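What follows is a short report on a single structure.
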Amino acid sequence: MSPELKAEVVKQAIHSFGTAGTLESDDGENMETCTWSNRGPQTRKGVMNSQMGQINDGEHPELPGIIGKNFIGETSYRGFYRFWAEMMQAENWDAVRANDATWKDVLLKGAAQANGKERAA
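If you want our numbering, it's the 1-based position in the sequence shown plus 35.
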C-alpha cells in the first residue's frame with residue numbers, strides 16, 4: 036500500500052470513527068456531563084460510589100488479562116487509562132516494555148483497595 040493511500044485510510048478512519056466521528060463517537064460527552072449531578076444539595080448529603088464493579092475485577096484462572104464479573108462495567112476503561120498513564124510517565128519505549136510483566140498490578144491493587152473499602156462500609 037502506498038504511503039499516500041495509507042494516509043488516506045487513516046484520515047478516513049479518523050473522520051468516521053474518531054472522537055468527532057460520524058459513525059461512532061467516544062464517551063467524552065458522557066464522561067463530562069456525568070458529574071453535573073454533583074452540583075445539587077442532595078448529592079452532598081450522601082456518599083457516591085463510582086467504583087462500577089471494581090471490586091469484581093480480577094484474574095481468571097484460564098483467560099489472560101484482568102476481567103470483570105459483569106458483562107457491563109468499566110474494567111476496560113481502567114485498563115485503557117492505566118496504560119495511558121504509563122505511556123505519559125515513561126521516558127522511552129524501553130521503560131514501557133519494562134512494565135510488561137507488572138501491568139496488572141495497578142488494576143489488581145485498585146480492586147483490592149475497593150474490596151477493603153466495600154467491607155468497611
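Heads up, the beta-carbon is just placed ideally off N, CA and C, and yes, glycines get one too.
Only a predicted model underlies this, so the values are computations on that prediction, with no experimental measurement involved.
Which one of Gln47, Glu94 and Thr78 has the shortest CA to CA distance from Ala147?
For Ala147, the nearest C-alpha among the options comes from Glu94.
Using alpha carbons as the reference points, say which of Gly75, Thr78 and Gln89 lies closest to Thr110.
For Thr110, the closest alpha carbon among the candidates Gly75, Thr78 and Gln89 is that of Gln89.
Going by the DSSP bridge assignment, what does Glu94 pair with across the sheet?
Glu94 is bridged by DSSP to Ile101.
Quick check on Ala155: does DSSP put it in helix, strand or coil?
Only weak support is given to the placement of Ala155: the predicted model assigns it a pLDDT of 44, under 50, and the question is left unresolved by the model.
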